[in-house]
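In UniProt numbering, the protein residues as written are 1 to 317. The structure appears below as structure tokens.
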Ligand code: NAD
Ligand code: MG
């Protein structure tokens, strides 16, 4: 009887050990999963290349595994060459969507890698370089995406410009205009051009930021564009809800991307980038990819007018 009890106890212990060690294999500690500060100082002229960053960001190239959630969908991602947009583009393709990416001509090297990754999934990949500060280009971008993909039902207005300036006195009218045109006008022009093609079930996603809620002293112009993005997402969600088109936003905290090493941060901030989050590090673009998939997917059908935060424990919402 005593023996029997012992055997049972041993068997339970053994099983518990197997279960916990298997669980451990599936657990990834978010504090040690990706590079932590201090980072090396590094500067690239705008817009910068992800491939030249040190360390090179993780956009999910080797890690994102799809499961057919966006089969047959057609996505346009601005700024899809690098950073958060690239992570979204890779995830969309792995989930079965055809993807068009827009970027600046200087970013061809990064863009080529993304195009190849999309094609490797057997999906249509459309590379459409050009400057979205120009309204007629924005119209051309949408019509070309529609004709090359055969339609569009996911629109990610991800491209953005951020330049750190210690003082408002350092911001010229031209620099202010670049930030406003890229971050506010371009989504306005692109959404207007895309709307006639968006059927019920389509999804629009904008890129806000923790800067919308807690603006940094050196991001006077950029921060207000992110507040504007949060606002357009909520306004448009009300306007387009009755038409069955969902509009949501993503508000990242510090994420390791080319924007940050090409003038977005001071060199001093770059070295300790992400240090003040509870995870003690910046996010990698790959860590945001599943949010875009969820917002685009039919399963997220009750989400509209929402802002999804991803900031490692810092910032709102
Ligand atoms: P990124 O530099 O990799 O991507 C930004 C992209 O914007 C560039 O690749 C470029 O193709 C595009 N772009 C800029 N100006 C353009 C123009 N005039 N015409 C066409 N394309 C243009 O950096 P990222 O951090 O991945 O940025 C993506 C979005 O995420 C931006 O809207 C940014 O504001 C937002 N965001 C980033 C962070 C962060 O910490 N990295 C935090 C919050 C929000
Ligand atoms: Mg880029």
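By construction, the Cβ of each residue, glycine as well, lies at the ideal position given by its N, Cα and C atoms.
Hey, would you say the C-beta of residue 47 is under 8 Å away from at least one heavy atom of ligand 2? Answer for residue 47: yes, Cβ within range of ligand 2.
Taking Cβ positions, are residue 200 and residue 245 nearer each other than 9 Å? In contact: residue 200 and residue 245 (Cβ atoms closer than 9 Å).
What does a CB cutoff of less than 8 Å around residue 180 pick up in its chain, not counting 5 residues either side in sequence? So the list reads 221, 225, once near-sequence residues are dropped.
Taking the C-alpha atoms as reference points, what is the distance between residue 185 and residue 133? When rounded, the distance between both Cα atoms is 7 Å.
Short Cβ contact (9 Å threshold) for residue 311 with residue 258: No, Cβ-Cβ distance for residue 311 and residue 258 is not below 9 Å.
Does the distance between the C-beta of residue 253 and the nearest non-hydrogen atom of ligand 1 fall short of 8 Å? Under cutoff, so the answer is yes.
DSSP beta-bridge partners of residue 126: For residue 126, which the question treats as bridged, DSSP gives the partners 100.
Reference residue 131, options 192, 217, 140, 268, closest by Cα: Checked all of 192, 217, 140, 268; the closest Cα to residue 131 is 140.
Contained alpha helix (DSSP H) runs [length at least 4] in the region 55-112, N- to C-terminal order: Complete alpha helix (DSSP H) runs here, min 4: 83-94.
Can you name, in chain order, every residue of its own chain whose Cβ lies under 6 Å from the Cβ of residue 316, other than the five neighbours on each side? Sequence-distant Cβ neighbours of residue 316 in its own chain, meaning closer than 6 Å and more than five residues away, are 213.
In the structure shown, what three-state DSSP assignment does residue 45 receive? It is coil, neither helix nor strand.
Taking buried to mean at least 16 other C-beta atoms within 10 Å of its own C-beta, is residue 302 buried or exposed? Residue 302 comes out exposed.
In this structure, what does DSSP give as the bridge partners for residue 251? Residue pairing from DSSP places residue 251 in a beta bridge opposite 309.
Measuring alpha carbon to alpha carbon, tell me which of 96, 168, 203, 276 ends up nearest residue 121. That would be 96, whose Cα lies nearest to the Cα of residue 121.
At a cut-off of 8 Å, would you count residue 232 as near ligand 1, judging by its Cβ distance to the nearest heavy atom? Closer than 8 Å to some heavy atom of ligand 1: that does not describe the Cβ of residue 232.
C-alpha gap between residue 308 and residue 167, whole angstroms: Between the alpha carbons of residue 308 and residue 167 lies a gap of roughly 30 Å.
Taking only the alpha-carbon atoms, compute the straight-line gap between residue 262 and residue 305 and give it to the nearest angstrom. In a straight line, the C-alpha of residue 262 is about 31 Å away from that of residue 305.
Inter-stretch contact (C-beta, 8 Å, three-pair minimum) for the region 260-279 and the region 67-74: At 8 Å Cβ cutoff, the stretches do not touch.
Please report the straight-line C-alpha distance between residue 234 and residue 195, rounded to a whole angstrom. The C-alpha of residue 234 lies about 16 Å from the C-alpha of residue 195.
Figure out for me which residue from 41, 39, 219, 114 has the closest Cα to the Cα of residue 170. Residue 170 has its Cα closest to that of 219, out of 41, 39, 219, 114.
Which word fits residue 31, buried or exposed, when buried means at least 16 other C-beta atoms lie within 10 angstroms of its C-beta? For residue 31, the number of other beta carbons within 10 angstroms of its own is below 16, and it is reported as exposed.
When the Cα atoms are used, what is the spatial distance from residue 129 to residue 112? Between residue 129 and residue 112, the C-alpha separation is close to 11 Å.
Straight-line gap, residue 63 to residue 173 (C-alpha atoms, nearest Å): Taking the straight line from one Cα to the other gives about 42 Å.
According to the Cβ coordinates, are residue 59 and residue 284 closer than 9 Å? In contact: residue 59 and residue 284 (Cβ atoms closer than 9 Å).
Considering only C-alpha positions, which residue in the set 177, 28, 36 is nearest to residue 254? Taking only the C-alpha atoms, the option nearest residue 254 is 36.
Heavy atom of ligand 1 less than 8 Å from the Cβ of residue 277, yes or no? Checking the Cβ of residue 277 against ligand 1 gives no.
Within 8 Å: the Cβ of residue 185 and any heavy atom of ligand 2? No, the beta carbon of residue 185 sits no closer than 8 Å to any heavy atom of ligand 2.
Answer yes or no: do residue 156 and residue 75 have a C-beta to C-beta separation smaller than 9 Å? A contact, by the Cβ cut-off of 9 Å.
With a Cβ-Cβ cutoff of 9 Å, do residue 288 and residue 87 count as a contact? Contact flag set, yes.
Reduced DSSP secondary structure (H/G/I, E/B, other) of residue 216: If DSSP states are grouped into helix, strand and coil, residue 216 belongs with coil.
For residue 296 and residue 176, what's the separation of their Cα atoms in angstroms? Put simply, the backbone Cα of residue 296 is about 32 Å away from that of residue 176.
Measuring CA to CA, which of 38, 256, 299 is closest to residue 286? Of the candidates 38, 256, 299, the one whose C-alpha sits nearest the C-alpha of residue 286 is 256.
Alpha carbon to alpha carbon, what distance is there between residue 203 and residue 299? The straight-line gap separating the alpha-carbon atoms of residue 299 and residue 203 is approximately 12 Å.
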